[in-house]
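Novice: Be aware that the sequence shown starts at 17, since it is given in my numbering, and climbs by one per residue.
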Amino acid sequence: MSPTTTTIIISSLATGTIITASSHHWFMAWIGLEMNTLAIIPMISKQHHPRATEAATKYFLTQAAASAMILFSSTVNAWLTGTWDIMNSTNPTANMLLTMAIAMKLGLAPVHFWLPEVLQGSTLKTAIIITTWQKLAPMALIYQTSNNLSTTTLLTLGVISTTLGGWAGLNQTQTRKIMAYSSIAHLGWMAAITTILPNILLLNLTIYLLMTTSMFYTLALLNSKNIKDLATSWTTSPSITAITMLTLLSLGGLPPLTGFMPKWLILEELTAQSLTVTAMILAMSALLSLFFYLRLTYLSTITLSPNTTTTTHKWRFKQMPNTLLLSLTLPTSTLLLPMTPMLC
Numbered sequence: 017m018s019p020t021t022t023t024i025i026i027s028s029l030a031t032g033t034i035i036t037a038s039s040h041h042w043f044m045a046w047i048g049l050e051m052n053t054l055a056i057i058p059m060i061s062k063q064h065h066p067r068a069t070e071a072a073t074k075y076f077l078t079q080a081a082a083s084a085m086i087l088f089s090s091t092v093n094a095w096l097t098g099t100w101d102i103m104n105s106t107n108p109t110a111n112m113l114l115t116m117a118i119a120m121k122l123g124l125a126p127v128h129f130w131l132p133e134v135l136q137g138s139t140l141k142t143a144i145i146i147t148t149w150q151k152l153a154p155m156a157l158i159y160q161t162s163n164n165l166s167t168t169t170l171l172t173l174g175v176i177s178t179t180l181g182g183w184a185g186l187n188q189t190q191t192r193k194i195m196a197y198s199s200i201a202h203l204g205w206m207a208a209i210t211t212i213l214p215n216i217l218l219l220n221l222t223i224y225l226l227m228t229t230s231m232f233y234t235l236a237l238l239n240s241k242n243i244k245d246l247a248t249s250w251t252t253s254p255s256i257t258a259i260t261m262l263t264l265l266s267l268g269g270l271p272p273l274t275g276f277m278p279k280w281l282i283l284e285e286l287t288a289q290s291l292t293v294t295a296m297i298l299a300m301s302a303l304l305s306l307f308f309y310l311r312l313t314y315l316s317t318i319t320l321s322p323n324t325t326t327t328t329h330k331w332r333f334k335q336m337p338n339t340l341l342l343s344l345t346l347p348t349s350t351l352l353l354p355m356t357p358m359l360c
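1. Can the beta-carbon of Ile146 be found closer than 8 Å to that of Val134?
2. Rounded to whole angstroms, what is the Cα-Cα separation between Phe88 and Ala71?
3. Taking 8 Å as the cut-off, decide whether the C-beta atoms of Met231 and Leu267 are in contact.
4. In terms of DSSP beta bridges, what is Asn242 paired with?
5. Identify whether His202 lies in helix, strand or coil by the three-state DSSP scheme.
6. Between the stretch 342-352 and the stretch 220-230, do at least 3 Cβ pairs fall closer than 8 Å?
7. Could you name the residues of the same chain whose beta carbon sits closer than 6 Å to that of Thr115, not counting the 5 residues immediately before and after it, in chain order?
8. CA-CA distance, Thr252 and Leu218?
9. Quick check on the DSSP output: the alpha helix (DSSP H) that includes Gln63 runs from which residue to which?
10. Below 8 Å, how does it come out for the stretch 121-141 and the stretch 69-85: are there three or more Cβ pairs, yes or no?
11. Just to confirm my understanding: we take Ser162, look at its own chain, exclude 5 residues before and 5 after, and list those with CB closer than 8 Å. What are they?
12. Short of 7 Å in beta carbon distance, which residues of its chain neighbour Ala196, apart from the five on each side in sequence? Order them along the chain.
13. Hey, Leu270 and Ile200: beta-carbon distance below 8 Å or not?
14. Return the Cβ separation of Asn93 and Ala82 in integer angstroms, given the expectation that the two are a contact with Cβ distance under 8 Å.
15. Please report the distance separating the alpha-carbon of Thr148 from that of Leu29.
16. Is it buried or exposed, Tyr314, if we count other Cβ atoms within 10 angstroms and call 16 or more buried?
17. Hey, how far is the Cα of Phe276 from the Cα of Thr139?
18. Less than 8 Å separating the beta-carbons of Gly174 and Ser198?
19. Measuring only the C-alpha atoms, how far is Leu303 from Leu281?
20. Taking a contact to mean a Cβ-Cβ separation below 8 Å, would you say Met155 touches Leu221 in this structure?
21. Report yes if the C-beta distance between Leu286 and Thr294 is below 8 Å; otherwise report no.
22. Can you tell me which of Phe308, Leu342, Gln150 puts its alpha carbon nearest to the alpha carbon of Ser255?
23. Hey, which unbroken runs of the alpha helix (DSSP H) at 4 residues or more fall wholly within the stretch 101-133?
24. If I'm right that Thr36 touches Leu157 with Cβ under 8 Å, what's the distance once you round it to whole angstroms?
25. In angstroms, rounded to a whole number, what distance separates the CA positions of Arg311 and Trp42?
26. Should His64 go down as buried or exposed, given a rule of 16 or more other Cβ atoms within 10 Å for buried?
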């Protein structure tokens, strides 16, 4: 892809997200979402491979359907209330349509089936954009409308997503699919707290972006596309492989790492709102996700797969690319837990 094309695509991605996040009119928000969708499709399909073409097609169809639902729900709301203002979406039917449309855009269960397939057909660096930047615009909409959305619906979506994200990830061997189900589970935690305390939603989103970017970039540096690659990745870069363990454990939510902070605050708030059963289900579903994170940790750092004498010296001859992004995201994705008292 030429530098000019890449610049146009990246600019369109940034502009679309900014338009959606800063707009108060539903039509402008919809335009921003469409810009996002159309800009990412060339990045997914640039490999000229059948899997990439399939992934781009699936992404386009699901995002187009979700955008149509958002436009329809906003039109229904404008017809019944007389306003196109995002903050004044007060019609229950329109809000239910909006919730399901945003769930489809984000990849929340039970409308999540596109996400693992799209990530599997994309490169690891494109997968970073799909699982991080592409979540910002829908999250901006859900944050702005959080006062009007149904708490019961979002709690249900959250519980289903965390449970299914952990359960489905247990049987995966491809790292991109594992990270897709990890993303679904994390989005479930965000959905569960959206209408109760939206500020924790923003905190959880920020930490999710840091951890996911760090993990995907590590996988891209190590060129680990499946568990077998991860098991032999120490020959490529022993230091990065060792640090991968901390990122995986942080994604799993183990203290004293950063990933424990949002789970702790969400469970505390749900319990304070007398939603003890919901909090218990979320905590139990986190154990499912933790299991496959621990499995990856065990394979990458605690055990060694059979190797020949030559592969053990592979790291000596491989020139590692620039790791500036990893240097910025890795410390924050593992070491922010002591800041929790400042946020409460």
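In this text, a Cβ means the ideal position worked out from N, Cα and C, and glycines have one as well.
Computed from a predicted structure; not experimentally measured.
Specialist: Taking the structure as given:
1. yes
2. 26 Å
3. yes
4. Gln190
5. helix
6. yes
7. Leu165, Thr169
8. 36 Å
9. First-last for Gln63: undefined, no H or E at that position.
10. yes
11. Thr210, Thr211, Pro214, Leu217
12. Leu131, Pro132, Leu135
13. no
14. The pair is not a contact, with the Cβ atoms about 16 Å apart (cut-off 8 Å).
15. 12 Å
16. exposed
17. 29 Å
18. no
19. 17 Å
20. yes
21. yes
22. Leu342
23. 108-122
24. 7 Å
25. 44 Å
26. exposed
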